[in-house]
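K.L.:
Below is the structure I would like to discuss, written out as structure tokens.
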Amino acid sequence: MKILVSLVSLIAFLLVLLPGPLYKYGVVELSTAFAGFRFGVYVGGAALVLLVIQVIFMRKTLSIGSTLMAVVFAAIAIAMPLSMMSKAKSVPAIHDISTDLINPPKFVAIVPLRADAKNPAEYAGEETAKQQRKAYPELKTLNYAQSKTDLLAATEQAVKNLGFELVNVNAATGIVEATDTTTWFGFKDDVVVRINDEGSQRFVDIRSKSRVGRSDLGKNAERIHSLIDEINTLLDK
Numbered sequence: 006m007k008i009l010v011s012l013v014s015l016i017a018f019l020l021v022l023l024p025g026p027l028y029k030y031g032v033v034e035l036s037t038a039f040a041g042f043r044f045g046v047y048v049g050g051a052a053l054v055l056l057v058i059q060v061i062f063m064r065k066t067l068s069i070g071s072t073l074m075a076v077v078f079a080a081i082a083i084a085m086p087l088s089m090m091s092k093a094k095s096v097p098a099i100h101d102i103s104t105d106l107i108n109p110p111k112f113v114a115i116v117p118l119r120a121d122a123k124n125p126a127e128y129a130g131e132e133t134a135k136q137q138r139k140a141y142p143e144l145k146t147l148n149y150a151q152s153k154t155d156l157l158a159a160t161e162q163a164v165k166n167l168g169f170e171l172v173n174v175n176a177a178t179g180i181v182e183a184t185d186t187t188t189w190f191g192f193k194d195d196v197v198v199r200i201n202d203e204g205s206q207r208f209v210d211i212r213s214k215s216r217v218g219r220s221d222l223g224k225n226a227e228r229i230h231s232l233i234d235e236i237n238t239l240l241d242k
């Protein structure tokens, strides 16, 4: 029984741990990876049930090491997918976030890189804007007194500091484009920053969009916040 409990809990753990890397390196499709999550919850629950049976009827076969391992593996297998599900329910099912919802910054150099992406480079539309206004009302156009040159330099450095891949910097148009690749699944999300020079102020807009998936689990909004914070930190130095 001890071996069975350990084996089932390990399988549950692997069902939620491996889908990310397997999808990232093209071994499985995204739907298969997400299916692994679902099965991981079921198998993790089964491991805990078996452990309870062992505790009640076969207590003499228990050992501290194997029991702790089974509990940890099963807990992770259950908690990780449920945490993602909870996050998905707490944010709108959108994947295109912008500080300017009337005239969102457009991707330029990144467009060819999204040729095979399931989500097109064009802005997702008014329904997405409506949901964003409700979920992320704080995301609005930023204005700065610093020069366009300083803002371009700060944006470029901020992109590098956050670990994004810099794709394009166009000083003439005030456009900076980059790609952020997530660690676990290797999802590629694209970012474009637009800096408009208008008299004594510079207006900055940021847009972040996922290449795949209907919902981004709030990641694009988080990325914009991180980029804004990093730019502000660099400008304050």
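Count along the sequence shown from 1, add 5, and you get the number used in this note's numbering.
Idealized CB from N, CA, C, for every residue including glycine.
(1) Report yes if the CB atom of Ala17 is closer than 8 Å to the CB atom of Gly45, and no otherwise.
(2) Residue ranges of each alpha helix (DSSP H) run of no fewer than 4 residues wholly in the segment 114-157, ordered along the chain?
(3) Please state the DSSP three-state secondary structure of Phe62.
(4) The ligand MG and Pro142: does the residue's C-beta get closer than 7 Å to at least one heavy atom of that ligand?
(5) Who are the near neighbours of Leu56 in its chain, counting only those whose CB is closer than 6 Å to its CB and skipping five residues on each side?
(6) Output the boundary residues of the beta strand (DSSP E) element that contains Arg216.
(7) Rounded to the nearest angstrom, what separates Ile107 and Pro125 at their Cα positions?
(8) What are the boundary residues of the beta strand (DSSP E) that includes Asn173?
(9) With a CB to CB cut of under 6 Å and the five nearest residues on each side skipped, what residues in its chain are close to Pro97?
(10) Report yes if the CB atom of Ile199 is closer than 8 Å to the CB atom of Gly179, and no otherwise.
(11) What do you get for Asp105, buried or exposed, if any count of 16 or more other CB atoms within 10 angstroms of its CB means buried?
(12) Which ranges does the beta strand (DSSP E) cover as unbroken runs of at least 3 residues, wholly within the segment 25-109, from first to last along the chain?
(13) Would Phe78 be called buried (16 or more neighbouring beta carbons within 10 Å of its own) or exposed?
(14) Where Glu143 and Leu156 are concerned, what is the direct C-alpha to C-alpha distance, given to the nearest angstrom?
(15) What residue range is occupied by the uninterrupted alpha helix (DSSP H) comprising Thr187?
P.N.:
Per the coordinate set shown:
(1) yes
(2) 131-140
(3) helix
(4) The model on display carries no ligand, and the ligand MG is accordingly not part of it.
(5) These residues qualify, in order along the chain: Val10 and Ala75.
(6) Taken as a continuous stretch (DSSP letters only), Arg216 belongs to no beta strand (DSSP E), as it is neither H nor E.
(7) 18 Å
(8) Glu170 to Asn175
(9) Gln136 and Ala140
(10) Here residue 199 is Arg; the residue named in the question, Ile, does not match the sequence. Yes, these two residues count as a Cβ contact at 8 Å.
(11) buried
(12) 101-103
(13) buried
(14) 21 Å
(15) Where Thr187 is concerned, there is no enclosing alpha helix (DSSP H), because DSSP gives it neither an H nor an E.
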